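In our numbering, the protein residues as written are 33 to 396. This report concerns only the one structure given below.
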Amino acid sequence: MTTRLITVGGFLGAGKTTLLWETAKRLTARGMRVGLITNDQAPELVDTALLSRNGARVAEVSGSCFCCNFDGLLAAVSEVRAGADADVIFAEPVGSCTDLSATIIQPLKEHLGHELVIAPLSVMVDPVRLSDTLDGGVADMHPSAAYIYRKQIEEADIIVISKTDLLTADEVEVLKTRLCKAYPKAAIFTVSMHTGEGLDAWLAGVTQSSEAGQHLAEVDYDIYAEGEAVLGWLNATIALRGDSTDWNAFAEDLLKALSQRLDSIGASVGHVKLILEAGDGFLMGNLTGKRETLSIRGSVACLSKSQLTLNARVQMQPEALEAVVRDVIDSNCKDLITATPCAWRCLSPGRPNPTHRYDHVVKM
Ligand SMILES: Nc1nc2c(ncn2[C@@H]2O[C@H](COP(=O)(O)OP(=O)(O)OP(=O)(O)O)[C@@H](O)[C@H]2O)c(=O)[nH]1
Ligand SMILES: [Mg+2]
């Protein structure tokens, strides 16, 4: 069987990693070998920590996005194929990246198309953000970030509306019709990872077709760069120690406090996510907007030590984001928990400078 490389893009918090987690689980249960490639501007990734827990092989490209480090992407593909080759490899680009058809999919076809099947580019969209942007709004984003969001959809071969469990069946149909009217060239799928609805249909869509990167969007790199630069980025790993600490309550309180602080200063959240690991257990916490988007899944035992990995992408200066996160961690630890940062990086993404940028669709 020829290895198939499936790229799943889409804005911060759209549901990419959750989709890949579920899909990898299903395919592995069917006896398939699955590889996953994560990507970020800096190391210490919640996505890598999560995906590494489901038995699939995971490689990380960090320090730069796939498009600006295309050789890093090729090296990650080789890494997950080393030893026993994978049947399917999923790649998740950074949520604030666009122009992927020109900078990733076409070069992948050129460089690897003779030995891998490059699958159609899927772009996930959160239904709430999607609805607002289809109305011409910016969905609580900076206008240049909203530009990135629209460009991502424009270049998709497949658009995947995520989180359909948040809508009624009628609302899903209406949204699909509006999306289809605005972007008639893309195939549209709907999925819910809470119910599993739509997952197999999307999987069939990306595994049966090999028409990858059929659309190139015209992207203004000045606006794109501004859309990324307005985001503060923080990746941290922190060792925690506390006697008889309920880490589940700690993680939830921490994320609630962070959410309250960010809401109170009017900072728009792209995605704040954490994974707290203690012993063999782990829990995930996510915030994809205001306080009501907060979710906690999983639980851990009451052990004396745990490790917290926290990734925050918030529309504010990175220094200000860092100050808020440090302050919230300090006040939530009080005198009862010792928090020792093992890694701590705070930045705002630099101007995208892709390794390759094709102005035509590579024929296979
Ligand atoms: N209600 C609902 N929530 C979902 C679904 N899929 C994902 N989520 C939630 O959406 C949030 C973000 O999910 P992720 O999978 O981490 O999103 P992502 O696109 O990988 O985010 P980035 O890597 O930061 O760009 C988490 O709280 C998920 O639990 C879904 O089908 N329904
Ligand atoms: Mg992710």
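Yeah, the Cβ is synthetic: ideal placement off N, Cα and C, and Gly gets one too. A quick note: this is a predicted structure, and the numbers were derived from the prediction, not measured.
State the Cα-Cα distance for the pair residue i and residue j, rounded to the nearest angstrom.
{"i": "Cys97", "j": "Arg345", "result": "15 Å"}
{"i": "Ala305", "j": "Asn318", "result": "The amino acid at residue 305 is misidentified as Ala; the sequence shows Lys. Computed Cα separation, rounded: 4 Å."}
{"i": "Ser380", "j": "Ala74", "result": "10 Å"}
{"i": "Asp286", "j": "Leu272", "result": "Just to set this straight, residue 286 is Leu in the shown sequence, not Asp. Straight-line Cα distance between these residues: approximately 13 Å."}
{"i": "Ile191", "j": "Ser276", "result": "46 Å"}
{"i": "Gln347", "j": "Met173", "result": "8 Å"}
{"i": "Val126", "j": "Cys334", "result": "34 Å"}
{"i": "Trp53", "j": "Asp252", "result": "33 Å"}
{"i": "Ala88", "j": "Thr34", "result": "18 Å"}
{"i": "Arg65", "j": "Gly145", "result": "20 Å"}
{"i": "Leu77", "j": "Leu263", "result": "17 Å"}
{"i": "Ile255", "j": "Gly382", "result": "13 Å"}
{"i": "Leu70", "j": "Thr130", "result": "In the sequence on display, residue 70 carries Thr and not Leu. Going by the C-alpha atoms only, they are around 16 Å apart."}
{"i": "Leu106", "j": "Ile137", "result": "12 Å"}
{"i": "Glu243", "j": "Ser194", "result": "22 Å"}
{"i": "Asp119", "j": "Leu59", "result": "9 Å"}
{"i": "Pro477", "j": "Ser336", "result": "The requested residue 477 does not occur in the structure, where the chain is confined to residues 33 to 396."}
{"i": "Ala116", "j": "Ala56", "result": "16 Å"}
{"i": "Ser291", "j": "Ala283", "result": "12 Å"}
{"i": "Thr320", "j": "Ser84", "result": "22 Å"}
{"i": "Lys213", "j": "His392", "result": "25 Å"}
{"i": "Glu111", "j": "His388", "result": "21 Å"}
{"i": "Glu351", "j": "Ala201", "result": "43 Å"}
Check for me: the beta strand (DSSP E) holding residue i runs from which residue to which?
{"i": "Gln339", "result": "Lys337 to Gln347"}
{"i": "Glu309", "result": "Ser300 to Ala310"}
{"i": "Val192", "result": "Ile190 to Ile193"}
{"i": "Asp254", "result": "Per DSSP, Asp254 belongs to no beta strand (DSSP E); it is in the alpha helix (DSSP H), Tyr253 to Ala261."}
{"i": "Gly237", "result": "Not the beta strand (DSSP E): Gly237 falls in the alpha helix (DSSP H), residues Leu231 to Gln240."}
{"i": "Phe122", "result": "Val120 to Ala123"}
{"i": "Gly104", "result": "Where Gly104 is concerned, there is no enclosing beta strand (DSSP E), although the alpha helix (DSSP H) it sits in stretches over Phe102 to Arg113."}
Since residue i is in the alpha helix (DSSP H), which residue starts that stretch and which ends it?
{"i": "His143", "result": "Gln138 to Leu144"}
{"i": "Arg89", "result": "Unbroken run through Arg89 is the beta strand (DSSP E), Arg89 to Ser94; no alpha helix (DSSP H)."}
{"i": "Val78", "result": "Val78 to Leu83"}
{"i": "Lys183", "result": "Pro175 to Glu186"}
{"i": "Leu166", "result": "Pro159 to Leu166"}
For residue i, I'd like the list of residues in its chain whose CB is within less than 8 Å of its CB, leaving aside the five on either flank, ordered along the chain.
{"i": "Val332", "result": "Trp279, Asn280, Leu308, Glu309, Ala310, Gly311, Gly313, Phe314, Leu315 and Ser338"}
{"i": "Gly330", "result": "Gly313, Phe314, Leu315 and Met316"}
Sort out for me which residues DSSP pairs residue i with in a bridge.
{"i": "Thr277", "result": "Looking at the DSSP assignment, Thr277 forms no beta bridge with any residue, so it has no partner."}
{"i": "Ile369", "result": "Beta-bridge pairing links Ile369 to no other residue."}
{"i": "Trp265", "result": "Arg345 and Leu379"}
{"i": "Gly330", "result": "Leu315"}
{"i": "Thr39", "result": "Ala123"}
{"i": "Ala271", "result": "Gln339 and Thr372"}
Spatial neighbours of residue i within its chain, please: C-beta separation below 6 Å, excluding the five flanking residues on both sides.
{"i": "Val356", "result": "Arg293"}
{"i": "Ala171", "result": "Arg161, Asp164 and Thr165"}
{"i": "Ile38", "result": "Phe122, Ala151 and Val238"}
{"i": "Glu187", "result": "Ser133, His247 and Ala249"}
{"i": "Gly274", "result": "Leu368 and Ile369"}
{"i": "Ile270", "result": "Leu340, Ala371 and Pro373"}
{"i": "Glu260", "result": "Ser128 and Pro381"}
{"i": "Ser327", "result": "Asn318"}
{"i": "Asn267", "result": "Ala74, Glu76, Asn343 and Arg377"}
Give the secondary structure of residue i by DSSP, where H, G and I count as helix, E and B as strand, and everything else as coil.
{"i": "Phe314", "result": "strand"}
{"i": "Ser291", "result": "helix"}
{"i": "Arg377", "result": "strand"}
{"i": "Val204", "result": "helix"}
{"i": "Val66", "result": "strand"}
{"i": "Ile297", "result": "coil"}
{"i": "Asn364", "result": "helix"}
{"i": "Thr222", "result": "strand"}
{"i": "Asn71", "result": "strand"}
{"i": "Ala56", "result": "helix"}
{"i": "Ser154", "result": "strand"}
{"i": "Val149", "result": "strand"}
{"i": "Ser133", "result": "helix"}
{"i": "Lys48", "result": "helix"}
{"i": "Cys99", "result": "helix"}
{"i": "Thr320", "result": "coil"}
{"i": "Ala352", "result": "helix"}
{"i": "Val394", "result": "coil"}
Enumerate in chain order the residues of its own chain whose CB-to-CB distance from residue i is below 7 Å, with the five nearest sequence positions on each side excluded.
{"i": "Ile185", "result": "Val155, Val157, Ile191 and Tyr215"}
{"i": "Gly169", "result": "none"}
{"i": "Lys217", "result": "His247"}
{"i": "Met225", "result": "Gly47, Thr50, Leu51 and Glu54"}
{"i": "Val40", "result": "Lys48, Leu51, Leu52, Phe122, Glu124, Ser154 and Met156"}
{"i": "Gly42", "result": "Lys48, Gly127, Val155, Met156, Val157 and Gln184"}
{"i": "Trp365", "result": "Before going further, note that residue 365 is Cys rather than Trp in the sequence given. Only Ala371 meet the Cβ criterion."}
{"i": "Asp197", "result": "Ser224, His226 and Thr227"}
{"i": "Val93", "result": "Ile69, Asn71, Asn101, Gly104, Leu105 and Ala108"}
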